[in-house]
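Novice: Numbering (my numbering), first residue to last: 501 to 680.
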């Protein structure tokens, strides 16, 4: 799945014709480590910036479908934590950052976006596709698949439902993916 979505992201961005991208995709297919410059994020981004034939494509942001509003559990037997109790209920690594600010601390800035992104906000498709390649190279197969799919969704942008439909077809086994 990781290789499949990395390849689809690069195809959508028009990068598969570039040797600098075709070589890492071939390495993934053959189970080899990523070749330079994909073995170093900084060099990978520099290569993208300096490569002469990188397509100038943009996509709208991938916006998830709307969900129905949250409905609290109908049962009253499950207590729902409130304010102070809720702050103490945070566990794991988030505990470090979930502490309330000390009184008299500095000002906070909050950015709030309501609704979907403005249609004029476009992102570089090649820049969104490359993390699918590096994500697919992760050692843990589940992480590789998730990272590659996440990056491919960003690379497809507002057309991400087409990618996800194809991913579902592969997962269900209704579409065969050519192997290495």
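Ideal placement from N, C-alpha and C gives every residue a C-beta, glycine not left out.
1) Assuming residue 522 contacts residue 652 (C-beta within less than 8 Å), just tell me the rounded distance between them.
2) Nearest by alpha-carbon distance to residue 555: which of 565, 547, 515 is it?
3) If you pair each beta-carbon of the stretch 643-657 with each one of the stretch 550-570, do three or more pairs fall below 8 Å?
4) How about residue 534 and residue 527: do their beta carbons lie closer than 8 Å?
5) For residue 610, does the three-state DSSP call read helix, strand or coil?
6) Grab the span of the beta strand (DSSP E) containing residue 622 for me, first residue to last.
7) Under three-state DSSP, which class holds residue 560?
8) How far does the alpha helix (DSSP H) with residue 554 in it extend, from its first residue to its last?
9) Count the other CB atoms within 10 Å of the CB of residue 657; is the residue buried (16 or more) or exposed (fewer)?
10) Please check the pair residue 551 and residue 648, which I expect to be a contact at CB under 8 Å, by giving their CB distance rounded to whole angstroms.
11) Consult DSSP for residue 637 and reduce its assignment to one of helix, strand or coil.
12) Quick one, which of 571, 519, 511 has its alpha-carbon nearest residue 547's?
13) Relative to the alpha-carbon of residue 501, which residue among 544, 618, 659, 632 has its alpha-carbon at the smallest distance?
14) Please name the residue in 549, 566, 624, 628 whose C-alpha comes closest to that of residue 615.
15) Would DSSP call residue 574 helix, strand or coil?
16) With DSSP run on the structure shown, which of helix, strand or coil describes residue 543?
17) Have a look at residue 641 and residue 626 and give me their C-alpha separation to the nearest angstrom.
18) Under three-state DSSP, which class holds residue 524?
Specialist: This is what the structure gives:
1) Your numbering for residue 522 matches position 22 in the chain shown. Your numbering for residue 652 matches position 152 in the chain shown. Residue 522 to residue 652, Cβ: 17 Å. No contact.
2) Here residue 555 refers to the residue found at position 55 when the chain shown is read from its first residue. The option with the nearest alpha carbon to residue 555 is 515.
3) yes
4) The residue given as residue 534 occupies position 34 in the chain shown. The residue given as residue 527 occupies position 27 in the chain shown. Going by C-beta atoms, residue 534 is nearer than 8 Å to residue 527.
5) Indexing the chain shown from 1 puts residue 610 at position 110. Coil at residue 610, not helix or strand.
6) Taking the chain shown and counting its residues from 1, one reaches residue 622 at position 122. Per DSSP, residue 622 is one residue of the beta strand (DSSP E) stretching across 622-624.
7) Here residue 560 corresponds to residue number 60 of the chain shown, with the count starting at 1. Note: residue 560 maps to strand in three-state DSSP.
8) For the purposes of this step, residue 554 is taken as the residue at position 54 of the chain shown. Careful: residue 554 lies outside any alpha helix (DSSP H) and carries neither H nor E.
9) Taking the first residue of the chain shown as 1, we reach residue 657 at position 157. Per the 10 Å Cβ criterion, buried.
10) Here the question's residue 551 lines up with position 51 in the chain shown. Here the question's residue 648 lines up with position 148 in the chain shown. Not a contact, Cβ separation roughly 21 Å.
11) Residue mapping note: residue 637 aligns to position 137 of the chain shown, counting from 1. In the structure shown, residue 637 sits in coil (DSSP, three-state: anything other than H, G, I, E or B).
12) As a working note, residue 547 is residue 47 in the chain shown. Looking at the Cα atoms, 519 is the closest of the given residues.
13) Along the chain shown, read from residue 1 onward, the residue named residue 501 stands at position 1. Answer by Cα proximity: 632.
14) The residue you call residue 615 lines up with position 115 of the chain shown. Of 549, 566, 624, 628, the residue nearest in Cα terms is 566.
15) The count along the chain shown starts at 1 and reaches residue 574 at position 74. Three-state result, residue 574: coil.
16) The residue given as residue 543 occupies position 43 in the chain shown. Note: residue 543 maps to helix in three-state DSSP.
17) The count along the chain shown starts at 1 and reaches residue 641 at position 141. The count along the chain shown starts at 1 and reaches residue 626 at position 126. Each residue's alpha carbon lies about 24 Å from the other.
18) In the chain shown, counting from the first residue as 1, residue 524 sits at position 24. Helix at residue 524.
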